[in-house]
Structure formats: C-alpha cells, structure tokens
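Quick note, the working numbering runs 120 ahead of the 1-based positions in the sequence shown. Note that beta-carbon positions come from the ideal geometry of N, C-alpha and C, so glycine has one too.
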Amino acid sequence: MAVATAGRRTAFRSRLGRKIQDNLMAYAFMAGGIACFALFSWYPLVRGVILSFQQINFVTDPYWVGADNFTAIFDDPLFVTAWKNTLVFTGLALVFGFLVPLALSILINEMRHLKGFFRVAVYLPVMLPPIVGVLLFRYFYDPGFGLFNTILRGVGLPESQWTQSSSTAMISLVLVSTWANLGGATLMYLAALQSIPGDLYEAAELDGASAWRRLRHVTLPQLRFIMLVLLLLQIIATMQVFIEPYQLTGTSNPDTVTVMVLIYRYAFTVNQDFGMAAAMSVLLFVVLAIFSAIYLRVTRDRD
C-alpha cells in the first residue's frame, strides 16, 4: 500500500514537473511579445490615466490636481462642440465609408474582366501615407485654382468654398477619409464574397430569385459577420479622426473641431497642459470602451 502511494506521488510530481517545464518554455517564447505589448500598449495606457490627474507640461515639475482636469474640460465651451462634430463626422463616414466599400466589392466581384486591376486601383489610396492623401485633397479643395472648382467652372456650376464653408467643411473631410480608407474594407468584403458557396446562388436562381433578392437573401446574410466587425472598427476609427481636420481646416475652426483636435489643443497650443489632454483621452477611451461592450453584447444576443 505504501509502495503504491509513493508511486502515485512520484508520478504526480513527474507530471507536474513536465507541465511546469512546458509552461515555462511557452512563456519564454512569449516573453518578447508580452514585453513589447506591455511597453507600447499597457504602459502608455496606465501612464495616460495617471497624467489625467496631474497638471503637467513636461517643463515644470508636475503636481497632483485630482479631478480638476476633468472639471476643466467639461467647462470648456468647445467640449460639447467637439463631441457633436465627432458624432456628425462618424455618422457621415458610416453613410459613405460603410456602404461604398460594400457596393464596390459586390460590383467588382460580379465583373468578368479586369477584376484584378480594380482590386489594385481601389487599394492604392490605402498604400499612400495619410498625410499625402490629405495634402492632395487640399489642392483639390483650393477655392481659387483647385481641381474641384476648376471642374465646376468648366461645366458652368457655381464654385464652392469646400473646407472654408461651414455648410460643406464636414462633408469635405468625410470624402477625404472615405477615399483614403475604403480600399481595406473593400478587399475584406471581396474576400468574404469569395467564400460564399456558389450552390446558394444556384439554388436561388432555380427558385426564380432576381438579382436584388439574391443580394438581399443570400449575399448580405453571408456577409453579416464581417459587416458587424467592420462597422465596429470603423466607428472606433472615425471617432478618433484627427489628420483630416488638422490639415484641412486647422485647430481653431469650430465647425470641424473634433475630440482628437481638442486633445491636441490642450496639449500643444492653447493650454499646453498634457494633464487636460490626457483627461480628454481617458474620457474618449471610456466612451469607446462602453460603446464597444454594448455593441458586442447586442450583436452576440442577436446571433
């Protein structure tokens, strides 16, 4: 009896030792990735939360101010304006940036010729640095000799101030963002379309379904998962828009001041207070985190 018990203990210790050794080896391989992720993701996140409770400009010594930074940003007259502009931009970007790639992918997928050429053509803007695309559209939007106003003059239509007009500034920014980013979403939709079984379309055609009914009852349901994922990613990305308003309309135009532009103003121009900028960043992070959690819960329940 004692010999059997001792044998079981020895076997248990041996298995435990092998398991620990295997885990140590796995963690050793993961150590580099974990260290990089902690250094470039977790540390900035924690550091940003700490900064949001400090008054700091990286010139003088920082000191703790508690919730004063959050109180200051809530009292800022541009706070509500920035959130309103950000939500408007996000809504307009969803109308164009979500539907246009879907329509383009379906159109390209139905082509019999030059399909590869149009895939490359659609993705080319994504390969450009974002600032290059924005500077290109700055030339297009120029109210004097810009390409768009030149075309309008050529066809006898009235010219537009584009980014200088309060009625067209936001839609002008949305067009730039849509053009620059639609390539990635289009290729994802194309990849998803290629995975749809052809038997489904054949069965729908045999049942006499029109092209619209095939799109509605076959294509869109099969794309539902990728559409939900891309919708969430696009909302998160557009809520953090910065390059387009910063380069095309500046940081002082109330018609296009977004949350990220306001963060830049706090840190580098008006206030020069990184504590207020960090507080606004933390607030944006919390809003996006709550929205993402609700979105994932709702879509999971619907599934």
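Determine, for residue i, whether the minimum Cβ-Cβ distance to residues of chain C falls below 8 Å.
i    : result
V200 : Annotation note: the requested chain C is absent from the structure, which comprises a single protein chain.
Where does residue i sit, in a helix, a strand or coil, going by DSSP?
i    : result
F284 : The residue asked about is misnamed: residue 284 is Gln in this sequence, not Phe. Note: Q284 maps to helix in three-state DSSP.
Q342 : helix
N269 : helix
D117 : Because residue 117 is not part of the residues shown, which for the chain are 121 to 423, the question remains open.
L113 : The shown model of the chain, from 121 to 423, leaves out residue 113, and the question about it has no answer.
V200 : helix
N391 : coil
P249 : coil
G152 : helix
S315 : coil
T206 : helix
R262 : Looking at the sequence itself, residue 262 is Asp, so the reference to Arg does not match. Coil.
T378 : coil
F218 : coil
Taking the C-alpha atoms as reference points, what is the distance between residue i and residue j?
i    : j    : result
L352 : P245 : 22 Å
H337 : V242 : 27 Å
A122 : G153 : Reliability fails at A122, whose pLDDT of 49 lies under 50, so the model's placement of it is uncertain and the value that follows must be treated cautiously. When rounded, the distance between both Cα atoms is 47 Å.
S292 : D319 : 43 Å
D196 : R417 : 33 Å
S286 : A158 : 43 Å
W184 : I176 : 9 Å
T306 : M380 : 26 Å
Q141 : L326 : 60 Å
P250 : N391 : 27 Å
Q354 : T210 : 8 Å
Q284 : Y415 : 36 Å
S297 : L144 : 46 Å
L343 : L222 : 10 Å
M308 : T180 : 48 Å
K204 : A148 : 48 Å
F216 : G266 : 23 Å
Y259 : G276 : 21 Å
V377 : M290 : 10 Å
R239 : Q360 : 27 Å
F411 : L350 : 15 Å
A413 : W282 : 37 Å
T191 : L234 : 57 Å
T389 : A397 : 11 Å
I363 : V254 : 8 Å
A323 : A409 : 42 Å
V220 : R135 : 57 Å
M247 : Y261 : 22 Å
R420 : I356 : 18 Å
Which residues share a DSSP beta bridge with residue i?
i    : result
Y183 : Q175
For the pair the segment 162 to 182 and the segment 389 to 407, tell me if three or more CB-CB distances fall below 8 Å. yes
Enumerate, from N- to C-terminal direction, the unbroken beta strand (DSSP E) stretches of 3 or more residues contained entirely within the segment 323 to 376. none
Note down, one range per segment and in chain order, each beta strand (DSSP E) of at least 3 residues found wholly within the segment 220 to 247. none
Below 8 Å, how does it come out for the segment 358 to 377 and the segment 227 to 234: are there three or more Cβ pairs, yes or no? no
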